[in-house]
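Colleague:
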Amino acid sequence: METLTKRQGEVLVAIDGFIKSHQYPPTVKELSILMGFASTSTTHSLLIQLEKKGYIHREESKPRAMKVLCQT
Numbered sequence: 046m047e048t049l050t051k052r053q054g055e056v057l058v059a060i061d062g063f064i065k066s067h068q069y070p071p072t073v074k075e076l077s078i079l080m081g082f083a084s085t086s087t088t089h090s091l092l093i094q095l096e097k098k099g100y101i102h103r104e105e106s107k108p109r110a111m112k113v114l115c116q117t
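Using the numbering used here, you'd call the opening residue of the sequence shown number 46 and step up by one each time.
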């Protein structure tokens, strides 16, 4: 599995923490707010990178369909 950048690791930890405290995954907008990003496009790009690296799995048509497959 490819290594993560610092920002990718922070996003992965944020996703995992959100799921543990809410019992469901965050939307891209919620994750953007949580991370303090000005744009959802940054979050979307990081999610694509995490998915390509095999750390998460998402279903594009469902906003909350996200699973953490591997933690750092």
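Yeah, the Cβ is synthetic: ideal placement off N, Cα and C, and Gly gets one too.
So for Met80, helix, strand or coil by DSSP?
Modeller: helix
Colleague: Quick check on DSSP: helix, strand or coil for Arg52?
Modeller: DSSP places Arg52 in helix when its eight states are reduced to three.
Colleague: Rounded to the nearest angstrom, how far is the Cβ of Ile64 from that of Pro70, given a contact under 8 angstroms?
Modeller: 5 angstroms
Colleague: Would you kindly report the start and end of the unbroken alpha helix (DSSP H) that includes Lys97?
Modeller: Thr85 to Lys97
Colleague: With a 10 Å radius around its C-beta and 16 neighbouring C-beta atoms as the bar for buried, classify Met46 as buried or exposed.
Modeller: exposed
Colleague: Rounded to whole angstroms, what's the CA-CA distance from Val113 to Ala59? Just pull it up for me.
Modeller: 11 angstroms
Colleague: Check this for me: beta carbons of Gln53 and Gln116, under 8 angstroms apart or not?
Modeller: Contact: no.
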